[in-house]
Amino acid sequence: MVAQDAEPEATPEATEVPIPPRGEFCTEEVRQQMQEQEVYIPLISKGFQHQFWQAVRLGAEQAAEDCGVEITFEGPETESMVDRQIEMLQTALDRGPDAIAFAALDSQAAVPLLERAAAEGIPVIGFDSGVESDIPVTTAATDNVAAAALAADMMAEAIGGAGQVAVIAHDQTSRTGIDRVEGFVNRIEEAYPDIEIVDIQYGGGDHLRSTDLAKAIILAHPDLKGFFGANEGSAIGVLNAVTELGMEGKIVIIGYDSGTQQLEAIRSGVMAGAITQDPIGIGYRAVEAAVMALLGEELPETIDTGFHYFTAENMDSEEIAPLLYE
Numbered sequence: 007m008v009a010q011d012a013e014p015e016a017t018p019e020a021t022e023v024p025i026p027p028r029g030e031f032c033t034e035e036v037r038q039q040m041q042e043q044e045v046y047i048p049l050i051s052k053g054f055q056h057q058f059w060q061a062v063r064l065g066a067e068q069a070a071e072d073c074g075v076e077i078t079f080e081g082p083e084t085e086s087m088v089d090r091q092i093e094m095l096q097t098a099l100d101r102g103p104d105a106i107a108f109a110a111l112d113s114q115a116a117v118p119l120l121e122r123a124a125a126e127g128i129p130v131i132g133f134d135s136g137v138e139s140d141i142p143v144t145t146a147a148t149d150n151v152a153a154a155a156l157a158a159d160m161m162a163e164a165i166g167g168a169g170q171v172a173v174i175a176h177d178q179t180s181r182t183g184i185d186r187v188e189g190f191v192n193r194i195e196e197a198y199p200d201i202e203i204v205d206i207q208y209g210g211g212d213h214l215r216s217t218d219l220a221k222a223i224i225l226a227h228p229d230l231k232g233f234f235g236a237n238e239g240s241a242i243g244v245l246n247a248v249t250e251l252g253m254e255g256k257i258v259i260i261g262y263d264s265g266t267q268q269l270e271a272i273r274s275g276v277m278a279g280a281i282t283q284d285p286i287g288i289g290y291r292a293v294e295a296a297v298m299a300l301l302g303e304e305l306p307e308t309i310d311t312g313f314h315y316f317t318a319e320n321m322d323s324e325e326i327a328p329l330l331y332e
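In the working numbering, the protein residues as written are 7 to 332.
If you want it as structure tokens, here you go:
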């Protein structure tokens, strides 16, 4: 299989308002201004335990240093804890931040608190997962529909354009969960009539729960040829299920993000490949956009942070390697 990279096409909104290349906005003058104003920006993520979120945090911390602002970065223990995330958002707003960045587990549940932020004049920046509201001044995120469609293309190529496949995703409430499933399913249905999606299950991003779900699907569908894991925890669950059932080499696995287990499995050939986002870029852009908003700069509706499909063939390349995390 030929390794392929892809940059998503920018949306019309993203092209209307150009922004400077990452890292160029926060000049020394901006940094000094932010330090003098003692700007504080909390970031509330969808989770904390997966290495993806730690990579996002590193990007945010780098931007905070470059821009001269104070940040905090927190998220619930698992990506199924919507109520806990809402509590964190409430607490962050109670501290009276200058701006806030938010990655929604539930794209609708947080709207009342975000409306409060808007009423108090606190700019809201979305990152990773958007919110079904026009309150965020921008959202720094991957084009997950396009990325998952690329995963579908790679799956079709790997299984010869025909056969049964299944999906394990993290949730049905976040924008990423919705978009990745829709992107994969729609591309299969539109372009590959001989591929059947036999099941879609949701494991909350938890690798143990995702393992159990994937095992059940494999046992129920002995002719299964491919499995798409729509985030790190989901993909690890699929990988665990395939290896524990001794199905390596019989089921094509395509994942999302990276992390030690996925990287090792792709390098060894147990997994065919995965979509990588730019988690450091997502974190950096979220903080940078917050600073831009505070200074009255115009921002696009979406800041597209890009994606690639990587395999053992290109994972060590100069383009891909910096985007991968362990």
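Every residue gets a Cβ at the ideal spot worked out from N, C-alpha and C, and that includes glycine. Note that the structure is a prediction, hence the values are computed from the model and not measured.
- prompt: Using DSSP with H/G/I as helix, E/B as strand and the rest coil, what is Val45?
  reply: coil
Among Glu83, Pro285, Ile92, Glu294, the one whose alpha carbon lies nearest that of Asp112: Ile92
query: Using the beta-carbon count (16 or more within 10 Å), is Asp140 buried or exposed?
result: exposed
message: Rounding to the nearest angstrom, what Cα-Cα distance links Leu230 and His213 in this structure?
response: 20 Å
- request: Below 7 Å CB to CB, which residues in the same chain sit around Met40 once its five sequence neighbours on both sides are set aside?
  value: Cys73, Gly74, Val75, Val297
- request: Can you tell me which of the three DSSP states His56 falls into?
  value: coil
- prompt: Using 8 Å as the threshold, is the stretch 98 to 109 in touch with the stretch 49 to 68, meaning 3 or more CB pairs across them?
  reply: yes
task: Kindly examine the ligand NAP and report whether one of its heavy atoms sits closer than 8 Å to the Cβ of Ile47.
output: Within the structure as shown, the ligand NAP is missing, as the structure has no ligands at all.
- prompt: How would you write the range of the beta strand (DSSP E) that Gln178 sits in, first residue to last?
  reply: Note, Gln178: premise wrong, no beta strand (DSSP E); not H, not E.
query: By how many angstroms is the C-alpha of Thr148 removed from the C-alpha of Val293?
result: 16 Å
- prompt: Out of curiosity, what's the CA-to-CA distance linking Gly401 and Ala155?
  reply: Not covered by the structure: residue 401. The range shown for the chain is 7 to 332.
query: Name the DSSP beta bridge partners of Ile203, please?
result: Val171
- request: With DSSP collapsed to three states, give me the class of Ile260.
  value: strand
query: Where does Thr317 fall in DSSP's three states?
result: coil
query: Once you ignore the five residues that flank Tyr208 on each side, which residues in its own chain have a CB closer than 7 Å to its CB?
result: Ala175, His176, Asp177, Gln178
- request: Assess, as a yes-or-no matter, whether the stretch 112 to 123 is touched by the stretch 193 to 201 under the definition of 3 or more beta carbon pairs within less than 8 Å.
  value: no
- request: With DSSP as the reference, label Phe31 as helix, strand or coil.
  value: coil
message: Check this for me: beta carbons of Pro306 and Pro129, under 9 Å apart or not?
response: no
- request: Can you have a look at Ser274 and say buried or exposed, based on whether 16 or more other CB atoms are within 10 angstroms of its CB?
  value: exposed
task: Take Gln283 and list the residues in its own chain whose beta-carbon comes closer than 6 Å to its own, dropping the five residues that flank it on each side.
output: Thr148, Phe313
- request: Compute the Euclidean distance between the alpha carbons of Ala220 and Gln43, then round it to the nearest angstrom.
  value: 51 Å
- request: Report yes or no: do three or more beta-carbon pairs, one from the stretch 258 to 275 and one from the stretch 155 to 165, lie closer than 8 Å?
  value: yes
- request: Since I believe Phe133 is in contact with Ile288 (beta carbons under 8 Å), could you give me their beta-carbon distance rounded to a whole number of angstroms?
  value: 5 Å
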